[in-house]
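Worksheet for the structure shown next.
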Amino acid sequence: MLSPRPRPRPAALIATALLASVATAQGTIGVAPLTVEGDVLAGVGPLFILWDNLEANDGGEWLVEWETTGAALEDQYLLRGGASYLREGQPLPGAPGLFTLEFGQVSINDQGDLAIALEVGGLAPPLDTGAFVDLGAGLVPLFLEGEPAVGFAPGSTWNRIVDLTINDARQVMVTGWVAPPALAAEQVIALYDLDAGGAIVGASVAATTQAPGIAGLDLEPDASAFNDLGQVLFKSLPVAAGPPATVFLNGNPIAVSGNPSPVPGRNWSGFAAGTVDLNNSGSWVLSGLLDGDSSTNRLIAVDGQKFVQSGDPVPIAGLGAQDLTGFGSAPVRIDDQGHVLWFGAWGGPAPGGALFLDDQVLIREGQTTVAGSVIASIRQGTHTLALSDDGLTILAAVELTSGLSAVVRVDRGGEVVVLITCAPNGGSLEVTSGEPLIGHSIDFKLDQCPFPFGIASIAVAPGLWPSPGPCGLFLPGTGEVAIDFLSPATLFLPMPLHLGAPSLGSFPVTAEPGLVGVPLFVQGLFIDATLTGPNYGALTNALQITFGG
């Protein structure tokens, strides 16, 4: 079954650090269309064929590649926020004489800087690839195929440029082939430090097929990853009588074909069909194959531990006894809080598939609707999913039952659930500010105080009262304690005195992304300010509050 790792999520609330225990994400899920086949691109025409290439950053910016009904060799478009950013056949002002032919993998950092490998026209054949960046002043080339390969042996040149990724430190990871003088081209992963103008000020080699233990590199999209620390995660390919397929983090093997996997008694058998990802704290996720039973030979691992395996029960309540059969070919993603975005499929009498964040269903094929249409399937292949570092922007390429392709955004909304105690409490607690969202204030209303003058407060706890049964702790004359008042992480918030009218309080909520999807438990308490008895306290109902993004 799906195995969440112990990772406290920072849930700083009201400027105080409240460490919430790991819990299943809750809250409402909304799915909204960003672009749909047939949408009209201003000044161009309808979108016609979706080419995926999804990317998103912490600022909510997003990119996607579409083909339009325009003229041949001028009909491919890279959209940024729904508007045209780059067109096939477009001249490149930063590289006079060159124009675009095809787009490689696009990357955007949290400052909005872009990096992309392009096939370009205007070079002397057979040269046709280039590495480009846009640091705010338009696309400019870092280098082109045939030009010197900085960081390699003198005289080395770029033989082919495959993909680029840019991080928040304005480092660029480049994958491709480099030709040393008088030698055959070798596959490489190189890192370049850029200044604010896009000039290269530092270079290093992260991987090469000339290195021991590496016979070939997997240069496909989603086969390598790069974070803000400059760490590189990549896959090597096996060759006959050579080194086995291996996944490396900063040059160190973390998973090796033929060696033990996180599943006891099962070895890794390969990673060719799998994908990898890396977050900014160095946590990694990969998908691969195991030896042995074919019904349980697919695994997603996180930081060396099993996350989910084919043959595990599908984490959907009410589905029945259905087991996962695999994870498709969509990429796996991990955000900076350690949440994992993945696709799972199942067979049986009602086969299907779904997009999950950890064990929370985001999109279910054949059930989730968007813009009046049912999502028939989640597209498979490279860059069909995007997850921002902060986890707040989730994109998926999908097919609708209407026959149209679309790119959708998943919104993890907030939710307030009233918890019913076994013994009804006299006081009342409610949220009056609507959907709870990080970065906004939350307003509480305490009422039904049994005392003429009531000292009012609210407790915010990471869990319910630790009782072996369904009820909390009953205090005669006061009510039932529903939440864990005794936890060292519980926070007590003072509210205005209740003087015959409701006690109203408003509290700012930090914009900490780690708070999204983590349920917190809230209960109110009145204390008799006159101390006249016979009872001196009164509890309210409890709430489960899940903040959205």
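Quick note on my numbering: the sequence shown kicks off at 146 and runs consecutively.
Positions of the beta carbon are idealized from the N, C-alpha and C atoms, including for glycine.
Identify which residue in the options has its Cα closest to the Cα of residue i.
{"i": "Val-278", "options": "Gly-300, Asn-312 and Gly-296", "result": "Asn-312"}
{"i": "Ala-541", "options": "Asn-304, Gly-183, Glu-560 and Leu-530", "result": "Leu-530"}
{"i": "Gly-281", "options": "Phe-472, Arg-315 and Leu-486", "result": "Arg-315"}
{"i": "Ala-568", "options": "Phe-619, Arg-411 and Ala-551", "result": "Phe-619"}
{"i": "Val-265", "options": "Leu-464, Ser-252, Ala-646 and Phe-288", "result": "Phe-288"}
{"i": "Ser-406", "options": "Val-447, Ser-381, Leu-394 and Ser-440", "result": "Val-447"}
{"i": "Ser-632", "options": "Pro-611, Phe-652, Cys-616 and Pro-639", "result": "Pro-611"}
{"i": "Gly-624", "options": "Gly-571, Tyr-222, Val-667 and Thr-675", "result": "Gly-571"}
{"i": "Ala-329", "options": "Gly-497, Arg-305, Ala-348 and Ile-345", "result": "Arg-305"}
{"i": "Leu-670", "options": "Thr-685, Gly-678, Pro-664 and Phe-244", "result": "Thr-685"}
{"i": "Gly-682", "options": "Ala-368, Gly-617, Thr-635 and Gly-599", "result": "Gly-599"}
{"i": "Glu-510", "options": "Asp-504, Asp-503, Val-519 and Leu-502", "result": "Val-519"}
{"i": "Arg-225", "options": "Leu-378, Ala-217 and Leu-186", "result": "Leu-186"}
{"i": "Leu-364", "options": "Gly-437, Pro-664, Ser-550 and Ala-262", "result": "Ala-262"}
{"i": "Phe-472", "options": "Ala-462, Asp-457, Leu-378 and Gly-465", "result": "Asp-457"}
{"i": "Leu-199", "options": "Val-663, Ala-604 and Val-553", "result": "Val-553"}
{"i": "Asp-592", "options": "Leu-549, Gln-668 and Glu-544", "result": "Gln-668"}
{"i": "Ala-216", "options": "Gln-235, Val-350, Gly-678 and Gly-321", "result": "Gln-235"}
In chain order, what residues of the same chain have a beta carbon less than 7 Å from the beta carbon of residue i, not counting five sequence neighbours either side?
{"i": "Ala-656", "result": "Ile-583 and Gly-584"}
{"i": "Pro-641", "result": "Ala-601, Ser-648, Leu-649 and Gly-650"}
{"i": "Glu-580", "result": "Gly-558, Gly-559 and Gly-693"}
{"i": "Phe-652", "result": "Ile-159, Ser-586, Ile-587 and Leu-638"}
{"i": "Ser-578", "result": "Ser-586, Ile-587 and Asp-588"}
{"i": "Gly-227", "result": "Leu-179 and Thr-180"}
{"i": "Ala-276", "result": "Ala-262, Pro-286, Leu-287, Phe-288, Ile-306, Leu-309 and Val-319"}
Excluding the 5 residues flanking residue i on each side, which residues of the same chain have their C-beta closer than 8 Å to its C-beta?
{"i": "Asp-220", "result": "Phe-193, Glu-212, Thr-213, Thr-214 and Glu-233"}
{"i": "Thr-354", "result": "Glu-331, Gln-332, Val-333, Ala-360, Gly-361 and Leu-362"}
{"i": "Val-384", "result": "Ala-360 and Gly-361"}
{"i": "Pro-299", "result": "Pro-326"}
{"i": "Ala-341", "result": "Leu-280 and Arg-315"}
{"i": "Cys-616", "result": "Thr-566, Cys-567, Ala-568 and Glu-625"}
{"i": "Thr-514", "result": "Val-176 and Ile-520"}
{"i": "Gly-526", "result": "Asp-197, Ser-474 and Ala-475"}
{"i": "Leu-688", "result": "Val-561, Val-562, Val-563, Leu-564, Leu-574, Glu-575, Val-576, Phe-666, Val-667 and Gln-668"}
{"i": "Asp-488", "result": "Looking at the sequence itself, residue 488 is Phe, so the reference to Asp does not match. These residues qualify, in order along the chain: Phe-472, Gly-473, Ala-475, Gly-498, Ala-499, Leu-500, Phe-501, Ile-523, Gln-525 and Leu-530."}
What residues are listed by DSSP as bridge partners for residue i?
{"i": "Arg-557", "result": "Ile-174"}
{"i": "Leu-336", "result": "Met-318 and Ser-349"}
{"i": "Ser-474", "result": "DSSP output for Ser-474 lists no bridge partner at all."}
{"i": "Ile-399", "result": "DSSP output for Ile-399 lists no bridge partner at all."}
{"i": "Glu-544", "result": "Ser-522 and Ser-550"}
{"i": "Ser-414", "result": "None, per the DSSP bridge assignment."}
{"i": "Gly-650", "result": "Phe-589"}
{"i": "Glu-200", "result": "Leu-208"}
{"i": "Trp-487", "result": "Phe-501"}
{"i": "Gly-361", "result": "Leu-382"}
{"i": "His-643", "result": "Gly-599"}
{"i": "Thr-691", "result": "Glu-560 and Pro-664"}
Looking at the unbroken beta strand (DSSP E) that takes in residue i, where does it start and where does it end?
{"i": "Ala-260", "result": "259-266"}
{"i": "Ser-432", "result": "429-435"}
{"i": "Arg-225", "result": "221-225"}
{"i": "Phe-248", "result": "244-253"}
{"i": "Tyr-230", "result": "228-232"}
{"i": "Leu-578", "result": "The amino acid occupying residue 578 in the given sequence is Ser; Leu does not appear at that position. From DSSP, Ser-578 is part of no beta strand (DSSP E); its letter is neither H nor E."}
{"i": "Pro-286", "result": "285-289"}
{"i": "Gly-190", "result": "190-195"}
{"i": "Gly-669", "result": "664-673"}
{"i": "Gln-454", "result": "450-454"}
{"i": "Leu-394", "result": "391-394"}
{"i": "Ala-531", "result": "530-532"}
Apart from the five residues just before and just after residue i, which ones in its own chain have a Cβ nearer than 6 Å to its Cβ?
{"i": "Asn-680", "result": "Gly-622"}
{"i": "Pro-155", "result": "Because Pro-155 sits at a pLDDT of 26, beneath the cut-off of 50, its placement in the model cannot be relied upon, and the following sentence gives the value as read from the coordinates. Hits under 6 Å: Glu-657 and Gly-659."}
{"i": "Gly-358", "result": "Pro-388"}
{"i": "Gln-250", "result": "Asp-308 and Pro-366"}
{"i": "Gly-492", "result": "Thr-470"}
{"i": "Gly-343", "result": "Val-278, Leu-280 and Val-285"}
{"i": "Asp-203", "result": "Asp-255, Ser-533, Asp-534 and Asp-535"}
{"i": "Leu-301", "result": "The question names Leu, yet the displayed sequence has Ser at residue 301. Once the five neighbours on either side are set aside, the close Cβ partners of Ser-301 are Ala-294, Val-323 and Pro-325."}
{"i": "Leu-243", "result": "Leu-237, Val-265 and Gly-267"}
{"i": "Asn-442", "result": "Leu-434 and Leu-435"}
{"i": "Val-430", "result": "Asp-422, Val-447, Val-477, Ile-479 and Val-485"}
{"i": "Tyr-337", "result": "Val-317, Ile-345 and Ala-348"}
So residue i and residue j are in contact, right, with Cβ under 8 Å, and what is the actual spacing, rounded?
{"i": "Pro-325", "j": "Phe-371", "result": "Actually they do not touch by this definition, with Cβ atoms about 24 Å apart."}
{"i": "Ala-521", "j": "Thr-546", "result": "5 Å"}
{"i": "Asp-103", "j": "Ala-606", "result": "In this structure the chain extends from 146 to 694, so residue 103 is not present and cannot be described."}
{"i": "Val-181", "j": "Ala-516", "result": "7 Å"}
{"i": "Ala-335", "j": "Ala-356", "result": "In fact, because the Cβ distance is near 13 Å, the residues do not count as touching under 8 Å."}
{"i": "Trp-413", "j": "Gly-403", "result": "7 Å"}
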